[in-house]
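**Q**
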Amino acid sequence: MIKLVWAQTQEGIIGQENKLPWKIPEEMNFFKQYTTGKTIVMGRKTFEAIGSKPLPNRENIVLSKNGNLVINNENVKIINDIDYLIKRYQNQPNELIVIGGSQIYQMFLPYADKLIVSVIKQNYPGDTIFPRVNWDDFEIYSEIDKDEFVIKKYERKK
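For the sequence shown, the residue numbers in the numbering used here are -12 to 145.
1. Would A99 pass as a contact of R143 if the rule is Cβ separation under 8 Å?
2. Is Y111 helix, strand or coil when you go by DSSP?
3. Mind reading off the beta-carbon distance from Y111 to W(-7)? Whole number of angstroms is fine, and I expect it under 8 Å.
4. Going by DSSP, what residues sit across from K64 in a beta bridge?
5. State the beta-bridge partners of F125 as determined by DSSP.
6. So, using beta-carbon positions, are E82 and M(-12) closer together than 8 Å?
7. Reducing DSSP to helix, strand and coil, say where S89 ends up.
8. Taking 7 Å as the limit between beta carbons, can you name the residues of its chain near E4, skipping five residues before and five after?
9. Where does T22 land, buried or exposed, given buried means 16+ other C-beta within 10 angstroms?
10. If you draw a straight line from the alpha carbon of V137 to that of K108, how long is it in whole angstroms?
11. Let me know if L7 comes out buried or exposed under the rule of 16 or more other beta-carbons within 10 Å of its beta-carbon.
12. Tell me where the alpha helix (DSSP H) around I73 begins and ends.
13. So, with DSSP's three-state summary, where would you put N15?
14. Could you tell me which residues DSSP puts in a beta bridge with T22?
Okay, structure coming up:
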C-alpha cells in the first residue's frame, strides 16, 4: 500500500525554501505518530532538509536519480528505481509512506492507494506547492478537525 502524507495550506503550499513554512507541534506529532514504525520514502532534498539524518523508529528510504549518492548511515537505504518500490508496495498489505518533497509526491501520486493530508487553517507564504491531484479518483473516509489544521484521509476509488 502506497500512502502519501503531507501538510499544506488551503492553497496547496507545502514548503518555503526547503522547509515547512509553519511550526505546529500538534501536526508534527500527528506525522510522527502516523509514520513511526513504518517505511518512509523521501527525496534527497527532503532528506537534507531534515538534517541529513534518518527519522527515528522508521525504515528510511531516500529515492534519488543520482546513482553516485552516498549516505553514510546504516539506517538509510538509497533507492534509484521508483519501479522497484511501486512493485513492492502498490496494492500490497505492507505500507510505504511517501513524505516528500514535491517531485517525489508527483512521481508516486498515480500509484497512491491513500492520501493523508493535514490542511493548515492559516495561510502561509511558500515557494513549493503540492502537485495537482485529480480528486475524482479519491474519496474521503475520515476528517478530523484540530485547532490549527484538519486531517483529511482519502482512499483511491475502486
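Just so you know, even glycine gets a beta-carbon here, dropped at the ideal spot from N, CA and C.
**A** This is what the structure holds:
1. Position 112 of the sequence shown, counted from the first residue, corresponds to residue 99. Position 156 of the sequence shown, counted from the first residue, corresponds to residue 143. Yes, Cβ-Cβ distance for A99 and R143 is below 8 Å.
2. As a position in the sequence shown, residue 111 is number 124, starting the count at 1. Y111 falls in the coil class under three-state DSSP.
3. Position 124 of the sequence shown, counting from 1, holds the residue named residue 111. Position 6 of the sequence shown, counting from 1, holds the residue named residue -7. Contact flag wrong, Cβ pair sits at about 14 Å.
4. Looking up residue 64 in the sequence shown gives position 77. Answer is I48, bridged to K64.
5. Translated into positions along the sequence shown, residue 125 becomes position 138. According to DSSP, which records beta bridges pairwise, F125 is partnered with R143.
6. Against the sequence shown, residue 82 aligns to sequence position 95. Against the sequence shown, residue -12 aligns to sequence position 1. Against a cut-off of 8 Å, the Cβ pair of M(-12) and E82 comes out as a contact.
7. Taking the sequence shown and counting its residues from 1, one reaches residue 89 at position 102. If DSSP states are grouped into helix, strand and coil, S89 belongs with the helices.
8. Along the sequence shown, one-based indexing puts residue 4 at 17. For E4, where only same-chain residues beyond five positions count, the Cβ hits under 7 Å are D114.
9. Numbered from 1 along the sequence shown, position 35 holds the residue referred to as residue 22. Classification for T22: buried.
10. Taking the first residue of the sequence shown as position 1, residue 137 is located at position 150. Taking the first residue of the sequence shown as position 1, residue 108 is located at position 121. If I take the Cα positions, the gap works out to 7 Å.
11. Locating residue 7 in the sequence shown gives position 20, where the first residue counts as 1. With 16 or more Cβ atoms within 10 Å of its Cβ, L7 is classed as buried.
12. Counted from its first residue, the sequence shown places residue 73 at position 86. Segment I69 to Y76, the alpha helix (DSSP H) holding I73.
13. For the purposes of this step, residue 15 is taken as the residue at position 28 of the sequence shown. First, the residue type needs correcting, since residue 15 is Met and not Asn in the sequence shown. M15 falls in the helix class under three-state DSSP.
14. To locate residue 22, count along the sequence shown from 1; it is residue 35. For T22, which the question treats as bridged, DSSP gives no partner whatsoever.
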